[in-house]
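Engineer:
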Amino acid sequence: MKSLRCSVDANCIFDLDAGGILDCPSRLGYTFLMANFIAHEIKTVSQERLRRCGLEIVDLEPGQVSEIYELLRRHRGLSHRDLSAFVLARDSRSVLVTGDGRLRTMAEENGVECHGTLWILDALVDGGILKGARAADAVRSMQANGRWLPKAECDTRIRVWGP
Numbered sequence: 000m001k002s003l004r005c006s007v008d009a010n011c012i013f014d015l016d017a018g019g020i021l022d023c024p025s026r027l028g029y030t031f032l033m034a035n036f037i038a039h040e041i042k043t044v045s046q047e048r049l050r051r052c053g054l055e056i057v058d059l060e061p062g063q064v065s066e067i068y069e070l071l072r073r074h075r076g077l078s079h080r081d082l083s084a085f086v087l088a089r090d091s092r093s094v095l096v097t098g099d100g101r102l103r104t105m106a107e108e109n110g111v112e113c114h115g116t117l118w119i120l121d122a123l124v125d126g127g128i129l130k131g132a133r134a135a136d137a138v139r140s141m142q143a144n145g146r147w148l149p150k151a152e153c154d155t156r157i158r159v160w161g162p
């Protein structure tokens with residue numbers, strides 16, 4: 000497993016929690032970062048639990064906060080929390096992990112590598128941290144709990160991974 004830094008947004012946390020696997024990504028050996036704006040948004044998972052699950056909650060610098068509000072004027076449809084994940088990923092040279100299509104497009108246009116929750120699941124299975132059947136169950140649970148993930152990609156993984 001390689002050392003990698005990831006800036007995660009709230010929807011990724013919600014997905015992993017709905018799948019019952021929020022504690023698993025920390026075993027990848029990656030560094031998972033979350034901007035404080037996002038950590039404060041999450042009400043269903045305490046900051047203490049986020050930290051126990053291996054997330055580092057990062058306080059953004061004043062210049063980064065100012066830039067976020069400047070970016071808000073240019074990128075309608077994105078929130079300050081979305082943009083905080085982008086700024087953190089860019090400035091920490093991290094992969095942005097998000098399911099937000101607008102945020103992914105904006106980040107990729109600005110040279111930031113992006114992936115989603117299924118990418119984390121792939122890494123967990125490839126790394127032997129989750130057995131395929133458990134990963135398939137996690138995807139089913141995410142879907143059953145109303146998490147939006149690309150159906151065709153989920154169906155393919157469920158077919159390959161599990162019963």
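Residue numbers (numbering that gives the first Met the number 0): 0 to 162. Glycine residues also receive a C-beta, built at the ideal position from the N, C-alpha and C atoms. What you are looking at is a predicted structure, and each value in this text was computed from that prediction instead of being measured.
Please report the distance separating the alpha-carbon of E69 from that of F85.
Structural biologist: 13 angstroms
Engineer: Who are the Cβ neighbours of Q46 in its own chain at under 7 angstroms, not counting the five residues just before and after it?
Structural biologist: Excluding the 5 residues flanking it on each side, Q46 has same chain C-beta neighbours closer than 7 angstroms at A38 and I56, in chain order.
Engineer: So, with DSSP's three-state summary, where would you put S55?
Structural biologist: Note that residue 55 corresponds to Glu in the displayed sequence, not to Ser. Of the three classes helix, strand and coil, the one that applies to E55 here is strand, per DSSP.
Engineer: Output needed for L82: all residues of its chain with C-beta closer than 6 angstroms, excluding positions within five of it in sequence on either side, in chain order.
Structural biologist: Correct list, in chain order: I67 and L70.
Engineer: By the three-class DSSP mapping on this structure, what secondary structure does R146 have?
Structural biologist: In the structure shown, R146 adopts coil according to DSSP, grouped into three states.
Engineer: Going straight from the alpha carbon of F36 to that of P149, what length do you get?
Structural biologist: 26 angstroms
Engineer: Rounded C-beta distance between D192 and V96? I'm assuming under 8 angstroms.
Structural biologist: An answer regarding residue 192 cannot be provided, because it is not within the stretch 0 to 162 covered by the chain.
Engineer: Short check: CB of L27 to CB of S6, under 7 angstroms?
Structural biologist: Taking 7 angstroms as the cut-off, the Cβ atoms of L27 and S6 do not count as close.
Engineer: Cα separation between I157 and N10?
Structural biologist: 21 angstroms
Engineer: Count the other C-beta atoms from every protein chain shown that fall within 10 angstroms of the C-beta of T104, then say buried if there are 16 or more, exposed otherwise.
Structural biologist: exposed
Engineer: Under the three-state reduction of DSSP, which class applies to V138: helix, strand or coil?
Structural biologist: helix
Engineer: Are the CB atoms of W118 and A135 nearer to each other than 7 angstroms?
Structural biologist: no
Engineer: Could you give the DSSP three-state label for R48: helix, strand or coil?
Structural biologist: helix
Engineer: In chain order, which beta strand (DSSP E) runs of at least 3 residues are fully inside the region 13-93?
Structural biologist: 30-34 and 54-57
Engineer: Between D14, K42 and I20, which lies nearest to V124 when the distance is taken from Cα to Cα?
Structural biologist: I20
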